[in-house]
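Chemist: Sequence positions in the sequence shown follow this note's numbering and run 574 to 891.
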Amino acid sequence: MSWISRTTRRTRLAVTSLAASVALVLTAAAPTQAAEEPLPEGGLLKALSNYVHSPDAVAGANDWSCVPDAERPNPVILLPGTFANLGANFVKTAPRLKNEGYCVFAMNYGFTAASLDRVGGLGHIKDSAAELDAFVTKVRQATGAAKVDIVGHSQGGNVPMWWMKKMGGAEQVAHYVGWAPSSNGTDLNGLVTLADALNLMGFATGLSEVGQFPGVLDQAATSDYTAELWADGDEVPAGPDYTVIMTKYDKVVTPYRSQALQGENVNNVLLQDLCPFDLAGHLGLFTDEPTHQLTLNALADGPADFQPRCRGYGVPLL
574 MSWISRTTRR
584 TRLAVTSLAA
594 SVALVLTAAA
604 PTQAAEEPLP
614 EGGLLKALSN
624 YVHSPDAVAG
634 ANDWSCVPDA
644 ERPNPVILLP
654 GTFANLGANF
664 VKTAPRLKNE
674 GYCVFAMNYG
684 FTAASLDRVG
694 GLGHIKDSAA
704 ELDAFVTKVR
714 QATGAAKVDI
724 VGHSQGGNVP
734 MWWMKKMGGA
744 EQVAHYVGWA
754 PSSNGTDLNG
764 LVTLADALNL
774 MGFATGLSEV
784 GQFPGVLDQA
794 ATSDYTAELW
804 ADGDEVPAGP
814 DYTVIMTKYD
824 KVVTPYRSQA
834 LQGENVNNVL
844 LQDLCPFDLA
854 GHLGLFTDEP
864 THQLTLNALA
874 DGPADFQPRC
884 RGYGVPLL
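Structure below.
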């Protein structure tokens, strides 16, 4: 073999070895799967659009192939407030939770003939609780999860309370987070109290049945539903960890302190105790950044005295 041939052979071997080494390094450094792009979080304009055009779907929710991991074993179920729907109420929440690695599910409830396929929470709360019971069963069967987490806004925090207290649902819940929940009823800034004093609530209740919106009146502080919910005691069922997030600028579920719950493992949080300049109202909680930080902290078993970053406040609506 000539000297030139031997040199050429050694050169080829060196190049081949170098190429193999580079390929090995690149293969080891590259992820086995391309990282998924995080879902964008929506705001008020997206919520308004979804209310009309996407009332039953929102980015990040209801992927029925999702399997929880060991770090986040509980699927999160989102429940919107009265007159709302999941497409509007959770434009920020569902993507945030999905990006954090949770299996996220959301449901509309309480639709009646007056809902026009968009306006939720109109039906009797007891009936909505039965809808929730069926939905939880479906989620647990799909994911194989033993328990779920619940995040509910306004009536969305009330419906699971009936399910947990009266239907045995508490044993299926790990964490409950209520944003301005109406579980203890509302006096609507004294309007309900006045109507009750004038013996007008019976008329209003009858009107709600005819008009197909009895779930609205169920939330009155003086309603038969509210009395029955707490007839067996003022404390929540043992088992879940409870977090209630309130704003003192709430003009819907009033007085705002009535939103607080009692019992084991309950953490009642007033936003303004943590972020004094947060002017978010009842409706504004759905885009309020401190509310979302507190929610994630609760779902992750974070400290009860967690301090959110005070920025990105929700709008001061009601």
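Glycine included, C-beta positions come from ideal geometry on N, C-alpha and C. Values in this document were obtained by computation on a predicted structure and should not be read as measured data.
Is Tyr822 helix, strand or coil when you go by DSSP?
Modeler: Of the three classes helix, strand and coil, the one that applies to Tyr822 here is coil, per DSSP.
Chemist: Alpha carbon to alpha carbon, how far is Val732 from Glu801? Give it in angstroms, no decimals.
Modeler: Cα-Cα distance, rounded: 13 Å.
Chemist: So who's on the other strand from Trp752, going by DSSP bridges?
Modeler: Bridge partners of Trp752: His726, Ile818.
Chemist: Within the chosen definition, does the region 820-833 reach the region 686-703 through at least 3 CB pairs nearer than 8 Å?
Modeler: The answer is no - the region 686-703 does not touch the region 820-833, with fewer than three Cβ pairs under 8 Å.
Chemist: Taking Glu610 as the reference, give the member of Thr655, Lys671, Leu847 with the closest Cα.
Modeler: Nearest C-alpha to Glu610: Lys671.
Chemist: Answer with buried or exposed for Trp637, where buried requires no fewer than 16 other C-beta atoms within 10 angstroms of its C-beta.
Modeler: Exposed, since its Cβ has fewer than 16 Cβ neighbours within 10 Å.
Chemist: Would you mind working out which of Gly836, Ile818, Ser831, Ala620 sits nearest Gln845, comparing C-alpha positions?
Modeler: Nearest C-alpha to Gln845: Ile818.
Chemist: Helix or strand or just coil, what does DSSP make of Pro876?
Modeler: Three-state result, Pro876: coil.
Chemist: Helix, strand or coil, according to DSSP, for Val692 in the structure here?
Modeler: Reduced to three states, the DSSP call for Val692 is coil.
Chemist: Just reading off the alpha helix (DSSP H) that Phe678 is part of, what are its end residues?
Modeler: It is not in any alpha helix (DSSP H) - Phe678 instead sits in the beta strand (DSSP E) that spans 677-679.
Chemist: Whose C-alpha, out of Asn681, Pro813, Gly741, is nearest the C-alpha of Gly729?
Modeler: When each option's Cα is compared against that of Gly729, the closest is Asn681.
Chemist: Could you check if Arg830 is buried or exposed, using at least 16 other CB atoms within 10 Å of its CB as the buried criterion?
Modeler: With fewer than 16 other Cβ atoms within 10 Å, it is exposed.
Chemist: Check whether the Cβ atoms of Leu695 and Ala707 lie closer than 8 Å to each other.
Modeler: Not closer than 8 Å, so no.
Chemist: For Ile650, which residues does DSSP report across the bridge?
Modeler: Note: Ile650 sits in a beta bridge opposite Phe678, Ile723.
Chemist: Residue ranges of each beta strand (DSSP E) run of no fewer than 3 residues wholly in the region 738-807, ordered along the chain?
Modeler: Correct list: 746-752.
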